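Below: one structure, written as structure tokens.
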Amino acid sequence: MKKNLNFSEWLGLVTSVSALYSYIYYYKYWRFFGINAYDYFSYIDALQHSIPSIIMVLTLSQALILSFTYHIFLIGKQLFRFIGIHIAWQKQTIIKMCLNNLLFYLF
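The opening residue of the sequence shown carries number 225 in our numbering; numbering runs sequentially from there.
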């Protein structure tokens, strides 16, 4: 089974989801309230309005997820750099203290 979908498969998936959304909203939801929406033009109108909305939501959610991932990675990288510098500084301090004590006891 493929892990990644190509562009035409994504386009077909988005079109199918928007068609299902339009069918449920315009035909089933409004029929419950007694409004008959079995009109071809309203279905096409619903498709034209729902496809850009779904694409916009998918694009915005992907942008947010990528920006959160980038910021978490960047903050984590800076945090690891700070911890590494701190550990290196502690090692240098310990070595200097040991050398000073050694020199003090020798002389």
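Yeah, the Cβ is synthetic: ideal placement off N, Cα and C, and Gly gets one too. What you are looking at is a predicted structure, and each value in this text was computed from that prediction instead of being measured.
> For Ser240, does the count of other Cβ atoms within 10 angstroms reach 16, so buried, or fall short, so exposed?
Replying inline: Exposed, by the Cβ-count rule.
>> Let's see if you can read the secondary structure: which residues bound the alpha helix (DSSP H) around Tyr332?
In response: This structure leaves residue 332 out entirely; the chain is present only between 225 and 331.
>> Do Ser274 and Tyr245 have their beta-carbon atoms positioned less than 8 Å apart in this structure?
In response: It is a contact, given that the beta carbons lie within the stated cut-off.
>> Mapping the DSSP letters down to three states, classify Asn325 as helix, strand or coil.
In response: Asn325: helix per DSSP, three-state reduction.
> Less than 8 Å separating the beta-carbons of Ile278 and Val238?
Replying inline: Judged by beta-carbon spacing, Val238 lies within the 8 Å limit of Ile278, meaning their Cβ atoms are closer than that value.
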